[in-house]
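Novice: The opening residue of the sequence shown carries number 3 in the working numbering; numbering runs sequentially from there. C-beta atoms are modelled at their ideal positions from N, C-alpha and C, and glycine is treated no differently. These numbers were taken from a predicted model, which means no experiment stands behind them. There's a structure below that I have some questions on.
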Amino acid sequence: MRLSHLLCTRGILPEVNARDKWSFFRDLSRILAEEVGIPVERIEQALTERERLGSTALGEGVALPHARIPLLSRLYVSVARSPGGIEFDSPDGQPVYLIFTVLAPEEACEAYLRCLSYLARLLKYGEFREALLSAHSREEMIEIIRRYEREF
């Protein structure tokens, strides 16, 4: 899987300052709406509804929020870094510092699940997480993703 081909350009965020996951979803939805061609409210609603089913935090400072949204043209992936951490109801009780968000068309079940599986495997790799956490620019984050996707 070529993760770099799924990245939402505006959704590569080297520094977010949301105080909790709900404000993160609101802020991210505003950023992504124009690029993905879906209203802000629809993105925020989809992410919020999915999160209410159970936390998408994986532990070790990582979260993987995701949602399927009708009318999306393709799969989109966003990555955000939160230097101060965000409360995400993580299984280990720790704040989240790295957030990959996946938005998928309603009918793209197989591609959606493959993407989530790929990201979950990639995010277990500590060096990948640390490299992204030390990145200070959008360009640096993209380069790190490209470098590691070649290995996985």
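Alpha carbon to alpha carbon, how far is Thr-11 from Ile-71?
Specialist: Rounded to the nearest angstrom, the two C-alpha atoms are 19 Å apart.
Novice: Out of Ile-14, Leu-77 and Pro-85, state which residue places its alpha-carbon closest to the alpha-carbon of Glu-109.
Specialist: Answer by Cα proximity: Leu-77.
Novice: Using the Cβ count rule (16 or more neighbours within 10 Å means buried), how would you classify Lys-23?
Specialist: buried
Novice: Given that a residue counts as buried once 16 or more other Cβ atoms are within 10 Å of its Cβ, and exposed if not, what is Ser-31?
Specialist: buried
Novice: So, Phe-90 versus Ser-57, is the Cβ gap smaller than 9 Å?
Specialist: yes
Novice: Entirely within the region 18 to 68 and at least 3 residues each: give me those beta strand (DSSP E) ranges in chain order.
Specialist: 59 to 61
Novice: Could you give the distance in angstroms between the alpha-carbon of Ile-14 and the alpha-carbon of Ser-92?
Specialist: 22 Å
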